[in-house]
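Okay, so here's the structure we're looking at.
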Amino acid sequence: MIRNISLEEISDGKLYELNDLVKADCNGCEGCFSCCQGMGNSIVLDPLDIYKLIKNLNKSMEELLKDRIELNVVDGIILPNLKMSGSEERCSFLNQEGRCSIHKFRPGICRLFPLGRYYENESFKYFLQVHECKKSNKTKVKVRKWIDTSDIKENEQFIIAWHYFLISIQDKIKQVPDRAKDINMYALGTFFLKPYNYNLDFYTQFHERLNEAKSIIASVV
Ligand code: SF4
Ligand code: SF4
5 MIRNISLEEI SDGKLYELND LVKADCNGCE GCFSCCQGMG NSIVLDPLDI
55 YKLIKNLNKS MEELLKDRIE LNVVDGIILP NLKMSGSEER CSFLNQEGRC
105 SIHKFRPGIC RLFPLGRYYE NESFKYFLQV HECKKSNKTK VKVRKWIDTS
155 DIKENEQFII AWHYFLISIQ DKIKQVPDRA KDINMYALGT FFLKPYNYNL
205 DFYTQFHERL NEAKSIIASV V
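Numbering (my numbering), first residue to last: 5 to 225.
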């Protein structure tokens, strides 16, 4: 989700890279789960998040859409997000003990929090969202350790490619607004609804789809 607010308002004013120390470690959250409820549709999922949910839960996208995730329009593009439900608006993966039931394969935004990404020049750096996590006694941790993501360099390349692809779709929709629905349905089908081979590497499959999608979107008039 693109936010047009100044970095100074929401962060400590610093940008971080993988090997930098950042004061983000809330030490296992210790009974707090406030960022797993009442988040509306803000926990947006990318194709890797959906790949991992389908693979690890052994459920189809259609089954996930019944009660775990939902589709919403984000900056003009239809994308999936974690569904909050019940009177407390809890994430459907939050268990009775207030812990994440999919911790090992939790989505990228959940791994990142309370860090965010600041995109610039076809790349990004991390920043600390100082008003988001309620714990006051956070300690320093390396960004790389906090994110806890395997194949981190490959993952970062994917995050960059996906982010700028979404920007290119937004630009295309501004150029040809009459085709917004077609473009959205194509992107949704290509990256989320069409099954991946869950025994094969995600990134290779993603980049194959991306290369084809770029030329198809570019040809839309
Ligand atoms: S608000 Fe902070 S301490 Fe609470 S669950 Fe989220 S990350 Fe953990
Ligand atoms: S997936 Fe897990 S970490 Fe993410 S919001 Fe849901 S319960 Fe919290």
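Ideal Cβ positions, reconstructed from N, Cα and C, are used throughout, including at glycine.
Here the structure is a predicted model, which means the values were calculated and not measured.
Cβ atoms of Phe128 and Ile156: under 8 Å apart, would you say? Contact: no.
My guess is that Ile171 and Ala191 are in contact by the Cβ rule of under 8 Å, so how many angstroms apart are they, rounded? Not a contact, Cβ separation roughly 12 Å.
Separation of Asn99 from Gly90, as counted between CA atoms: Between the C-alpha atoms of Gly90 and Asn99 there is a straight-line separation of about 13 Å.
So, is Val77 buried or exposed, given that buried needs 16 or more other C-beta atoms within 10 angstroms? Burial check for Val77: the Cβ neighbour count within 10 Å stays below 16, so the residue is exposed.
Do Asn85 and Glu74 have their CB atoms nearer than 8 Å? With respect to the 8 Å criterion, Asn85 and Glu74 are classified as neighbours on the basis of their beta carbons.
Which residue's Cα is closest to the Cα of Glu124: Leu19, Glu13, Glu12? Closest by alpha carbon: Leu19.
Report the partner residues of Ile82 according to the DSSP bridge assignment. Answer by DSSP bridge pairing, in chain order: Val77.
Inter-residue spacing [alpha-carbon to alpha-carbon] between Gly17 and Ser10: Gly17 and Ser10 have their C-alpha atoms spaced approximately 10 Å apart.
Under 7 Å from any heavy atom of ligand 1, does the C-beta of Lys178 make it? Relative to ligand 1, the beta carbon of Lys178 is positioned no closer than 7 Å to any heavy atom.
By the DSSP assignment, the beta strand (DSSP E) with Glu124 in it spans what residues? From DSSP, the beta strand (DSSP E) with Glu124 extends over 119 to 124.
Less than 7 Å between the CB of Lys139 and some heavy atom of ligand 1, yes or no? Checking every heavy atom of ligand 1 against the Cβ of Lys139, one is found closer than 7 Å.
Three-way DSSP call (helix, strand, coil) for Thr194 in this model: Per DSSP, reduced to three states, the secondary structure at Thr194 is helical.
Since Ser127 is in the beta strand (DSSP E), which residue starts that stretch and which ends it? Unbroken beta strand (DSSP E) run through Ser127: 127 to 132.
In angstroms, rounded to a whole number, what distance separates the CA positions of Asp182 and Cys36? Using only the alpha carbons, I get a separation of about 46 Å.
DSSP on Tyr207, reduced to helix/strand/coil? It is helical.
From the DSSP output, in three-state form, read off Arg115 for me. Secondary structure at Arg115: helix, using DSSP grouped into helix, strand and coil.
How would you label Met189, buried or exposed, when you count the other beta carbons within 10 angstroms and need 16 or more for buried? Exposed: under 16 other Cβ atoms inside 10 Å.
Between Glu136 and Pro118, which are expected to be in contact by the criterion C-beta below 8 Å, what is the C-beta distance as a whole number of angstroms? Contact between Glu136 and Pro118 holds, since their C-beta atoms are separated by about 4 Å, short of 8 Å.
Lys87 to Ser96, Cα distance in whole Å? Note on geometry: alpha-carbon atoms of Lys87 and Ser96 lie some 6 Å from one another.
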